[in-house]
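The next block holds one structure in the form of structure tokens; read it before the comments.
There are 6 protein chains.
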Amino acid sequence: GSDFSPRGKSDGEIMRFCQAFMTELYRHIGPNVDVPAGDIGVGSREIGFLFGQYKRISDAFENGVITGKGLSYGGSLIRPEATGYGAVYYTCEVFKHQNDNIEGKTFAISGFGNVAWGVCKKIAELGGIPVTISGPDGYVYDKDGIITKEKIDYLLEMRASGRDRCQDYADKFGVPFFENQKPWGVKVDVAMPCATQNEIGLQEAKQIIANGTKYYIEVANMPTTEDALDLFMDTEGIIVAPSKAVNAGGVCVSGLEMSQNSQRLSWTAEEVDEKLHNAMIAIHKNSVKAAEKYGLGYNLVAGANIAGFEKVAEAMMEQGIY
Amino acid sequence: GSDFSPRGKSDGEIMRFCQAFMTELYRHIGPNVDVPAGDIGVGSREIGFLFGQYKRISDAFENGVITGKGLSYGGSLIRPEATGYGAVYYTCEVFKHQNDNIEGKTFAISGFGNVAWGVCKKIAELGGIPVTISGPDGYVYDKDGIITKEKIDYLLEMRASGRDRCQDYADKFGVPFFENQKPWGVKVDVAMPCATQNEIGLQEAKQIIANGTKYYIEVANMPTTEDALDLFMDTEGIIVAPSKAVNAGGVCVSGLEMSQNSQRLSWTAEEVDEKLHNAMIAIHKNSVKAAEKYGLGYNLVAGANIAGFEKVAEAMMEQGIY
Amino acid sequence: GSDFSPRGKSDGEIMRFCQAFMTELYRHIGPNVDVPAGDIGVGSREIGFLFGQYKRISDAFENGVITGKGLSYGGSLIRPEATGYGAVYYTCEVFKHQNDNIEGKTFAISGFGNVAWGVCKKIAELGGIPVTISGPDGYVYDKDGIITKEKIDYLLEMRASGRDRCQDYADKFGVPFFENQKPWGVKVDVAMPCATQNEIGLQEAKQIIANGTKYYIEVANMPTTEDALDLFMDTEGIIVAPSKAVNAGGVCVSGLEMSQNSQRLSWTAEEVDEKLHNAMIAIHKNSVKAAEKYGLGYNLVAGANIAGFEKVAEAMMEQGIY
Amino acid sequence: GSDFSPRGKSDGEIMRFCQAFMTELYRHIGPNVDVPAGDIGVGSREIGFLFGQYKRISDAFENGVITGKGLSYGGSLIRPEATGYGAVYYTCEVFKHQNDNIEGKTFAISGFGNVAWGVCKKIAELGGIPVTISGPDGYVYDKDGIITKEKIDYLLEMRASGRDRCQDYADKFGVPFFENQKPWGVKVDVAMPCATQNEIGLQEAKQIIANGTKYYIEVANMPTTEDALDLFMDTEGIIVAPSKAVNAGGVCVSGLEMSQNSQRLSWTAEEVDEKLHNAMIAIHKNSVKAAEKYGLGYNLVAGANIAGFEKVAEAMMEQGIY
Amino acid sequence: GSDFSPRGKSDGEIMRFCQAFMTELYRHIGPNVDVPAGDIGVGSREIGFLFGQYKRISDAFENGVITGKGLSYGGSLIRPEATGYGAVYYTCEVFKHQNDNIEGKTFAISGFGNVAWGVCKKIAELGGIPVTISGPDGYVYDKDGIITKEKIDYLLEMRASGRDRCQDYADKFGVPFFENQKPWGVKVDVAMPCATQNEIGLQEAKQIIANGTKYYIEVANMPTTEDALDLFMDTEGIIVAPSKAVNAGGVCVSGLEMSQNSQRLSWTAEEVDEKLHNAMIAIHKNSVKAAEKYGLGYNLVAGANIAGFEKVAEAMMEQGIY
Amino acid sequence: GSDFSPRGKSDGEIMRFCQAFMTELYRHIGPNVDVPAGDIGVGSREIGFLFGQYKRISDAFENGVITGKGLSYGGSLIRPEATGYGAVYYTCEVFKHQNDNIEGKTFAISGFGNVAWGVCKKIAELGGIPVTISGPDGYVYDKDGIITKEKIDYLLEMRASGRDRCQDYADKFGVPFFENQKPWGVKVDVAMPCATQNEIGLQEAKQIIANGTKYYIEVANMPTTEDALDLFMDTEGIIVAPSKAVNAGGVCVSGLEMSQNSQRLSWTAEEVDEKLHNAMIAIHKNSVKAAEKYGLGYNLVAGANIAGFEKVAEAMMEQGIY
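Residue numbers (our numbering), protein chains in the order written: chain P, 1 to 322; chain H, 1001 to 1322; chain V, 2001 to 2322; chain A, 3001 to 3322; chain Z, 4001 to 4322; chain B, 5001 to 5322.
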């Protein structure tokens, strides 16, 4: 890592920083060694500069060394949508397990960034109705659903503007905006925190439960505080899906990006989407099996932890220790 | 190679030996260099320890460097079944060539290990009837066929017990056991030695011929002594398939394991099985063509030798000599 | 490059030259670095010798390091046909764009080598009628079309003979031969120069235009002189397709050969052909879009230049500069 | 680094730990990269195990990768004596600068380990008189000096015994032992703390000054607390030499070990000793020049800091920044 | 090479250019591969930046990869003086061969840069008398000789000023300055062109010969035009020494710099100087022997060519051809 | 190794074989890995071809990778004389131990090749008198000693002629030749077998003992059969020196060649000779000490074995085991 802050830096400064950083990093990574990916503050612009320097020094087009690449040098289709799509696919598996389905279900969603965008897009495609998005300025309630192409595309536009406000959506589409509030007071079938770590504390949890929400699906990285999560787990009638499993779609498509790089091929969006879908089905299934194996019923939180631990532990034991 | 005997060694000793061995071997192998695979005495446990040390030293997850891996770190589905399945696929090609088919055919099989298990499983699936298995203690005759899931799974259990006796099968399923005898006296359509090198001598060959067996399919590595093979080849009315071609399924799926590793993907069992099937069809076809090209008729032994030699010779000549 | 002339050299001398050349070249190439391919004077024999030496020195079977390989060590099916097939696929896209199709169309083709052979084979397969081929000695006019397997195969035979005359075709199939003339006087729907650089000068261009030819499809590398190309572009009613796009099929299948090498698989001819077809469709489509984006209408020459430039420029900018 | 404690571990455990440690470390070091050396807890036994594993994995006899090696695989003569000898050479330069010399000078020395041993040996050789050594149990006062071979060799024996007591010396040679006291009350010309960090606090400093000691020579790593050092610096008539410069002999001979490894030669003890001597002369001279350049007079503490900083800063600036 | 002009560039721009250049160059050089050195426009500043980037990318302190380094990171003493000193040593060998010596000999020298400075310094040290230097503005005649430390040091000062005028010397030391003239009209024993290529044309040669100069010693790279050289060679009574041999001292000390880097040692100025001296003696001796072997007498021009050619040819033949 | 016989091969064939051999070998050797040297059938011609190919493939001038090189690319002076000189230096140490010296001592020498030449040259230089040489055709007895430059140089000439006869010496210098006899019947002070393995059997040993020879110095590799060696060891009054120690000079100067390569320097003949001399003194001394340590007296055979074993065992133990 580094303590460089890109705030207020020119494109040239960003580029030179990325190049200097990679000049040291390049010897520690590789398509078969460690494969960094973008994250907060490291978007496609930075990935491009980083990969360019890696290529320059290594004198090789080993584009599997990094993921989140632009399409012109080995990126994957569906990479931006991956986390959102994956979360919805996982949710559908939960529905299926409960003999339920997504048709007409309402969703409260926090955030309006990349993840929320992907979530809305896929929910809409499959017949669900996302009714909220939120930002640092408050939340929007769109009872007709964020389901038209125009609305969904507008999320991208809002994000690109850099203004970091979701009131713009309310203004544009004439729907109510609730300043400085979170969307969890809205009565929905599914609550999907998609914004940030710890956004759901005890208070929000109580609200969600009080609303009679049936599905609590974590999408952001660990969006629930420990006490809130305990409350959810102790409450009957609400199913909890942990972010660890739900948001695996991003990492999954990073892996598929690497597969395409290895094959020197680019898959169509449909191929990537299908593989992502299958991966999310498998993740849900493995969690279910793991929880059942230890007599824990349909406990997705425990199941994800157990399945993850067993996989790593088995691989370690099989490969020997020092 | 090494002269280390794993007999009586603890898991820790086995692990340390594998690690020490790989510490020297690692510099001579690689996914594009030489790719070792398990064999007698080197099962999945050893492969895991070997690969773990390779990964540790090379600091890279180059799992195509070795085959026969566990599923948790890059192994292939259908790898255990590969040799047996491949042998049956090849046999079906022989039937097809003779305008014959597997439906209702009886098979005498020696051995009860991994290969025999795969053979029985696939024969049963395709409608044939394996009626014998054998061990160092004698052979079992099961006239109803080793065709139920229970019976086939029991072969694995017998092998895992480490007792190395096949009488257990007779005891469990109430079928006759013939102590200290080989199964070649049983009248069947197809004789399939699946146990060890040189298990078919002149005496066994005469017995098989006398039984009117129509197909002699070598599955174990070179199970037939030279004089016995001469006798088979000189006898009309019996078709001989050489182990060199018949048991190629194991190596074939090792190659498919490498392909999956290269692609950073895991194929489904169905995909692997289909590719294995196609490979066996091609092997049979190339042998047939090679024998015909030299006017030798439907001689699978000669065909396999010729096709193999031509392939290697052509590749060598094309790539130049010193 | 090198100034070695293979004329009059023995096989052994060719081999030793190729080995010496690769002994210096090998350190500058690699499957992820630079990947040479055959060209004029470097056929499959030379590729074999070059790859053999690379393998010997690198001690690795990295066959993605070079393309145009023989099938025994990693070459691709459809590689010989690739340029010709690709050119015809591209032409069909042009037809489609014009609401036209290949059925019954007549083609004047120059050359009778590898490219012309592939072009004829695919045209015939799709229902078109190639009516000429040419050589240094003149051209052949076969009004019934070079469409039977016998005729098409004979092109290979003529080429392999090393006599470099196309009169042989006329003699064999009893069709007219025009000594020392080029085929552009023949009235056809499509003119396809497939022989050499600059074979179409101002005079030939005028002839082609005068004939009412509707499609001028460059297949050879830059077969049109600058003034002739200007004339074509300024003439209404004739569509010009540039070699840069039309003959991309060769490079495309080189890429597919590398993909197969990376996957450690060999695709069937059908799989390669389909991928080639899709690639040519995409090339045409991108050219069309690029020309339209800049308001240039259906200008395939401009479109190919723009699309190519934009792709490279975008990749460069995204990956940063020094 | 690692948190492994060698206390109570068997030789085999120590060896396996060293091997496992090097299996990870080896990729980060090299004769031209980073060169680790022994330190507290990493003696010649550990260095041997570490180097053996490095050699095994790297398949190369690159013994310049580590220093403090045994003589059988590339260690240097005078390495054990280096810190002690270097300290005395430096002290002699101080004498020379003051128009003084070592003949007959008395030295109070703390510690009785490797460093104290080397110091005593060289002082004795050059005509000085070390009169104390100390341990955790107290100090020994030997007014005749630790100057005979028998006495000096006995220091090694005491250290090797593992008893960590210096009373043994008093018992053996019939000289006074002062339990639980430090040697700084003894009136000597030169005080040389050779034991541990911060062994000289304000109290000891006052004692040393009160004794009229003329030379305070730090040998252990930073043996003086900050307030004690301030007191020394503010006191006239006592010359202070900083450990940073005085104990550089160890690192210096590590460098000479690397030179011998690079040359594939072993120098005689005399050659190493002479080079060490010259290096210590240069270190003293550079400190003197650096202090003078900034008008600080004969201030060895400031001089060492300035000379070190300037050297590093100059090398960095000359080689450019990111 | 590159077409970057450092004129008018800032230090930062120079640095970034050097770093970008090395980012591409580094893979083609190495202490055992190719070893670049400074030249016109690449002084110690640039060498520092280049080496810094090499070190950064290679993650290794391989300072033998480049020569002309600063002393802080592996440069050699006597490197700046090397060409000048070497030229004088060679000249002394010529004297010795003629039973002559340097004592009291007068030298006309052109240029006042690094080479001329080294030449003057060594001539003065050995008892000769350099009486001229020159610049683009004319030449200085100092009949007392440029032999005091003050005068010799002033040459460096003049050069560092960047004014590129040698009149300053005349002004400072009160000696005659001849504007826009070259120094070859001065009657001296030895003429030593030390400035640039082709500075001695036919006219200058005639002048030198007319003056009765006995030794014509080329120091700059090929300072004599072809016709002028022919004239010298055809004239009796004047001995000609070719630059190829005379100015080898620079390359020679580059080699010694590499030796010191390999040994991880820095030699004293005396050690380097002695090795340089011996090398120049050997160069002269080998030229003499080579000319004599072919019956050409004391012809240093032919001798240098022959000796150089034979050395390269022998090494090539011994190491085999392709 | 290889089974290629150079008999009757042309220079070109030898060269191509060497190049092909190195193309495989190069990856297993290196200046720090394994360093091959010439031996029977691999002289300087072959070493040159081998090194040339290594350099070509590795793209690096790593001449320490092989020893016995020509002087033009890194060979060492005194390399041809090394074994012979070393043997005589060792012998002189034996004399010194016995309070004896070489002055006027007579030596019987077998062989007339490289080793015998070096032995004669050094003996003559130090004042001893070699009186025999031998070949496959018999032996020469030159009672005046092979001590003049003319005689010694003639040995090289005889060897270079390829006639493999030593009668030529007798003819040329008018001394007696004894056809088909070995030289051991001649009464001398020192017997030095310098020809081949097992040339001294029981019969020769008895003859040597009967002559009252005081020193039996093996120079060839293991020239004494086991029973003969037993006889020597059991006989009082004759000192036996084993080839293992005596002929170490060749390997020693190979090591010095590597040191020079590492330093990028060439030492003078005097420097190499002195280092060789010191090494032989040390070898003798270590053998003496090792034998004494185990109470075996002046037993050079046991001493060499013990010293060698201890050195290897110590290095192995210190560097850890698996």
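Just so you know, even glycine gets a beta-carbon here, dropped at the ideal spot from N, CA and C. Being a predicted model, the structure only gives us computed values, none of them experimental.
Exercise. Counting contacts by CB-CB distance shorter than 8 angstroms, is G2070 (chain V) in contact with chain H?
Worked result: For the purposes of this step, residue 2070 (chain V) is identified with residue 70 of the third sequence, where counting begins at 1. So, interface residue.
Problem set entry | C-alpha distance - V5206 (chain B) paired with Y5139 (chain B), whole-angstrom precision | Within the sixth sequence, numbered from 1, the residue matching residue 5206 (chain B) stands at position 206. Within the sixth sequence, numbered from 1, the residue matching residue 5139 (chain B) stands at position 139. Correcting the residue type first, residue 5206 (chain B) is Lys in the shown sequence and not Val. The straight-line gap from Cα to Cα measures roughly 19 angstroms.
Exercise. In the stretch 5256-5268 of chain B, which residues sit with their C-beta less than 8 angstroms from some C-beta in chain A, listed in chain order?
Worked result: M5258, S5259, S5262 and Q5263
Exercise. So, is T5268 (chain B) buried or exposed, given that buried needs 16 or more other C-beta atoms within 10 angstroms?
Worked result: Residue mapping note: residue 5268 (chain B) aligns to position 268 of the sixth sequence, counting from 1. T5268 (chain B) comes out exposed.
Exercise. Apart from the five residues just before and just after E1062 (chain H), which ones in its own chain have a Cβ nearer than 6 angstroms to its Cβ?
Worked result: Position 62 of the second sequence, counted from the first residue, corresponds to residue 1062 (chain H). Excluding positions up to five away in sequence, the list reads P1031.
Exercise. Looking at the structure shown, is V5094 (chain B) part of a helix, part of a strand, or coil, going by DSSP?
Worked result: What you label residue 5094 (chain B) is simply residue 94 of the sixth sequence in a count that begins at 1. Helix at V5094 (chain B).
For this session: Give every residue of the same chain whose Cβ lies closer than 7 angstroms to the Cβ of H5277 (chain B), excluding the five residues on either side of it in the sequence, and list them in chain order.
Result: What you label residue 5277 (chain B) is simply residue 277 of the sixth sequence in a count that begins at 1. Correct list, in chain order: Y5089.
For this session: Return the CA-CA distance between H28 (chain P) and S4010 (chain Z), expressed in angstroms with no decimal places.
Result: Sequence index remark: in the first sequence, residue 28 (chain P) carries index 28 (1-based). Sequence index remark: in the fifth sequence, residue 4010 (chain Z) carries index 10 (1-based). The straight-line gap separating the alpha-carbon atoms of H28 (chain P) and S4010 (chain Z) is approximately 33 angstroms.
Exercise. Does D3059 (chain A) have its Cβ less than 8 angstroms from a Cβ in chain H?
Worked result: Reading the fourth sequence from its first residue, position 59 is the one you call residue 3059 (chain A). The C-beta of D3059 (chain A) comes closer than 8 angstroms to at least one C-beta of chain H.
Problem set entry | Contact list for A20 (chain P) against chain A, beta-carbon separation under 7 angstroms | On the first sequence, residue 20 (chain P) is found 20 positions in, with the first residue counted as 1. By Cβ distance, chain A contributes Y3322.
Exercise. Comparing alpha-carbon positions, which option in B:Q5019, B:G5111 and B:T5196 lies nearest R5159 (chain B)?
Worked result: Along the sixth sequence, one-based indexing puts residue 5159 (chain B) at 159. Measuring from the Cα of R5159 (chain B), the nearest candidate turns out to be B:G5111.
Exercise. Exposed or buried, which one is Y294 (chain P) when buried takes at least 16 other CB atoms within 10 Å?
Worked result: The residue labelled residue 294 (chain P) in the question sits at position 294 within the first sequence. When all chains shown are included, Y294 (chain P) counts as exposed.
For this session: Starting from T4106 (chain Z), follow the beta strand (DSSP E) in both directions and report where the run begins and ends.
Result: Taking the first residue of the fifth sequence as 1, we reach residue 4106 (chain Z) at position 106. It spans T4106 to I4109 - the beta strand (DSSP E) in which T4106 (chain Z) sits, taken as one unbroken run.
Problem set entry | Run of the alpha helix (DSSP H) containing F2309 (chain V), from where it starts to where it stops | Mapped onto the third sequence, residue 2309 (chain V) falls at position 309. Where F2309 (chain V) is concerned, the enclosing alpha helix (DSSP H) stretches over L2300 to E2318.
For this session: Enumerate in chain order the residues of its own chain whose CB-to-CB distance from S2 (chain P) is below 7 angstroms, with the five nearest sequence positions on each side excluded.
Result: The count along the first sequence starts at 1 and reaches residue 2 (chain P) at position 2. Answer for S2 (chain P): F21, listed in chain order.
Exercise. So, is the C-beta of M233 (chain P) closer than 8 angstroms to a C-beta in chain V?
Worked result: Residue mapping note: residue 233 (chain P) aligns to position 233 of the first sequence, counting from 1. Not an interface residue.
Exercise. Can you find a heavy atom of the ligand NAD that lies under 7 angstroms from the Cβ of K2096 (chain V)?
Worked result: Judged by which ligands are present, the structure shown has none, so any question about the ligand NAD falls away.
For this session: For N2305 (chain V), return the contacting residues in chain P, with the cut-off set at a CB-CB distance below 8 angstroms.
Result: As a working note, residue 2305 (chain V) is residue 305 in the third sequence. Chain order gives no chain P residues near N2305 (chain V), where near means a beta carbon separation below 8 angstroms; the closest approach is about 17 angstroms.
Exercise. Can you list, in chain order, the stretches of the alpha helix (DSSP H) that have 4 or more residues and sit fully within the stretch 2203-2246 of chain V?
Worked result: 2226-2234 and 2243-2246
Exercise. Cα separation between I2078 (chain V) and V2253 (chain V)?
Worked result: Translated into positions along the third sequence, residue 2078 (chain V) becomes position 78. Translated into positions along the third sequence, residue 2253 (chain V) becomes position 253. Cα to Cα, the separation comes out at about 8 angstroms.
Exercise. Name the residues in the stretch 4308-4319 of chain Z whose C-beta lies less than 7 angstroms from a C-beta of chain B; which are they?
Worked result: If you check each beta-carbon in the stretch 4308-4319 of chain Z against every beta-carbon of chain B, the ones closer than 7 angstroms belong to K4311, E4314, A4315, E4318 and Q4319.
Exercise. Can you name the start and end residues of the alpha helix (DSSP H) that G3250 (chain A) belongs to?
Worked result: Here residue 3250 (chain A) corresponds to residue number 250 of the fourth sequence, with the count starting at 1. From DSSP, the alpha helix (DSSP H) with G3250 (chain A) extends over G3249 to Q3263.
For this session: Closer than 7 angstroms by C-beta to T2083 (chain V): which residues in its own chain qualify, once you throw out the five before and the five after it? Chain order, please.
Result: As a first step, residue 2083 (chain V) is located in the third sequence; it is residue number 83 there, counting from the start. Counting only residues of its own chain and dropping the five nearest sequence neighbours on each side, T2083 (chain V) has a CB closer than 7 angstroms to the CB of V2115, G2118, N2247, G2249 and G2250.
Exercise. Can you tell me the Cα-Cα spacing of N1211 (chain H) and G1237 (chain H), whole angstroms?
Worked result: Against the second sequence, residue 1211 (chain H) aligns to sequence position 211. Against the second sequence, residue 1237 (chain H) aligns to sequence position 237. Straight-line Cα distance between these residues: approximately 12 angstroms.
Problem set entry | Interface flag, N5032 (chain B) vs chain A, CB-CB below 8 angstroms | On the sixth sequence, position 32 is the one that residue 5032 (chain B) refers to. It does: the Cβ of N5032 (chain B) has a partner Cβ on chain A nearer than 8 angstroms.
Exercise. Which word fits I3321 (chain A), buried or exposed, when buried means at least 16 other C-beta atoms lie within 10 angstroms of its C-beta?
Worked result: By 1-based counting over the fourth sequence, the position of residue 3321 (chain A) is 321. I3321 (chain A) sits exposed, since fewer than 16 C-beta atoms from the chains shown fall within 10 Å of its C-beta.
Exercise. Under three-state DSSP, which class holds G4135 (chain Z)?
Worked result: The residue you call residue 4135 (chain Z) lines up with position 135 of the fifth sequence. Here G4135 (chain Z) carries a strand assignment [DSSP, helix/strand/coil].
Exercise. What are the boundary residues of the beta strand (DSSP E) that V4190 (chain Z) is part of?
Worked result: Position 190 of the fifth sequence, counting from 1, holds the residue named residue 4190 (chain Z). Looking at the DSSP string, the run of the beta strand (DSSP E) that includes V4190 (chain Z) is V4190 to M4192.
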